[in-house]
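K.L.:
Have a look at this one before I ask anything.
Below is the structure:
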């Protein structure tokens, strides 16, 4: 089959698109429970593009807020409420509860 401009153009568009779709297909969903004034699990390995859902099982209000400004913040979660964040970083992000600052945990993204 001869190589034409059209086949080269199609290949140049299709390859990056396939790679992007494959990356999205590999994205995982993780859950962190907030129970008894603790994040469970306290440390979690994730990948860029994954999502993490934080669910508050306590009666008290809680947040999951990254120590580094702007990485993520769930806002205040009431009992039974959840918030989902998409991982857009590599490295380790420490996070805490703005209301109960002794509550601490980490996400490591590679």
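Residue numbers (mature numbering (1 follows the signal peptide of the UniProt record, and there is no 0)): -27 to -1, 1 to 83.
We put the CB at the ideal spot given by N, CA and C, even for glycine.
Which word fits residue 10, buried or exposed, when buried means at least 16 other C-beta atoms lie within 10 angstroms of its C-beta?
P.N.:
So residue 10 ends up on the exposed side.
K.L.:
Roughly how many angstroms separate the alpha carbons of residue 32 and residue 82, rounded to a whole number?
P.N.:
Rounded to the nearest angstrom, the two C-alpha atoms are 30 Å apart.
K.L.:
Can you tell me which of the three DSSP states residue 49 falls into?
P.N.:
Residue 49: coil per DSSP, three-state reduction.
K.L.:
Which of the three DSSP states is assigned to residue 32 in this structure?
P.N.:
Three-state DSSP puts residue 32 in coil, outside helix and strand.
K.L.:
Residue 7 and residue 35 - do their beta-carbons sit closer together than 8 Å?
P.N.:
Going by C-beta atoms, residue 35 is nearer than 8 Å to residue 7.
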